[in-house]
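In the numbering used here, the protein residues as written are 7 to 225.
Glycine included, C-beta positions come from ideal geometry on N, C-alpha and C.
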Amino acid sequence: MKNFKPIKLIKYTISVLLLGLIVYASIIYAPLIKYLIMGNVPLEIKDTALTELVQDMGSLVTLKQSRTGTIENKTMALFGITANEIQIDYEYEVLYGVNLYNAEIRSLGERDSDNVLSYINKEILVYIPPAEIISHSLKRVGESRKSDFLKPISDKNIQQIMEEFENTLYNEYSTKEENLSAAWQNAGDQVVNILMKTVEEFGLKGITFKLLPLNELPK
Numbered sequence: 007m008k009n010f011k012p013i014k015l016i017k018y019t020i021s022v023l024l025l026g027l028i029v030y031a032s033i034i035y036a037p038l039i040k041y042l043i044m045g046n047v048p049l050e051i052k053d054t055a056l057t058e059l060v061q062d063m064g065s066l067v068t069l070k071q072s073r074t075g076t077i078e079n080k081t082m083a084l085f086g087i088t089a090n091e092i093q094i095d096y097e098y099e100v101l102y103g104v105n106l107y108n109a110e111i112r113s114l115g116e117r118d119s120d121n122v123l124s125y126i127n128k129e130i131l132v133y134i135p136p137a138e139i140i141s142h143s144l145k146r147v148g149e150s151r152k153s154d155f156l157k158p159i160s161d162k163n164i165q166q167i168m169e170e171f172e173n174t175l176y177n178e179y180s181t182k183e184e185n186l187s188a189a190w191q192n193a194g195d196q197v198v199n200i201l202m203k204t205v206e207e208f209g210l211k212g213i214t215f216k217l218l219p220l221n222e223l224p225k
């Protein structure tokens, strides 16, 4: 039988126990460890960090609208005669969103002196710009129907008709307050959700969020 060395066994057992204790402590006290590493950073620097987090999201698309229909264009000649006419089936798509490059974060409240992981009436104010159209497109669907015996309609004419109609639709949709409001709220909800998850990762408590328009940011 090989020589049995109880001292090595004891050392091995102690090492395993210590390793297990370290792993357990790391899990239980992870939020506290994060606080000790980052908790002493001034409040305004934390605001800057959160602001950068939001700004890095870039242009956030939060609402899609689509529309189909038929463009009808007619050119009249002398004596009320129709020189030409055309019908173009179309599909229009518009994406609303918020450009977060100018978003800002401000914090109110103070840390709880009795609990380093809690705040007293802590509120994070999230200021984001107004919603806008991020992109839009007008596509022709199928073949056009036209009657142009007296005045032929060229591909260039069709392109011009499409461009003018697209500009009309853009002007209409860029001022639809219900769409702009919904897109802004959707963007704000997504931003707040990400910020909440970030705060929760640090185990911080007692924090609320408030979404505000960027134009209400104090000078």
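Backbone CA spacing between residue 69 and residue 109 [nearest angstrom]: 19 angstroms
May I ask you to report which of helix, strand or coil DSSP gives residue 153? strand
Under a three-way DSSP split, which group does residue 122 fall into? Bear in mind that the predicted position of residue 122 carries a pLDDT of just 46, short of 50, making it unreliable; the figure below should be weighed with that in mind. Coil at residue 122, not helix or strand.
In this structure, how does DSSP classify residue 43 when only helix, strand and coil are distinguished? Caution applies to residue 43, whose pLDDT of 44 falls short of 50 and renders its modelled position unreliable; the value that the coordinates give is listed next. It is helical.
Would you check if the distance between the CB atom of residue 89 and the CB atom of residue 154 is smaller than 9 angstroms? yes
Going by DSSP, name the residue or residues bridged to residue 219. 134
DSSP bridge partner residues for residue 70 (one or two, in chain order): 101
Through-space distance from residue 105 to residue 207, alpha-carbon basis: 26 angstroms
Residue 102 and residue 139 closer than 9 angstroms at C-beta: yes
Can you find at least 3 beta carbon pairs, one from the region 51–66 and one from the region 168–177, that sit closer than 8 angstroms? no
Tell me, which residues are paired with residue 113 by DSSP? 130
Could you tell me which uninterrupted beta strand (DSSP E) segments, each at least 3 residues in length, are contained entirely in the region 136–214, listed from first to last along the chain? 138–146, 151–153
With 16 other Cβ atoms within 10 Å as the buried cut-off, status of residue 23: exposed
Thinking residue 130 and residue 113 are a contact (beta carbons under 8 angstroms), I'd like their distance in whole angstroms, please. 5 angstroms
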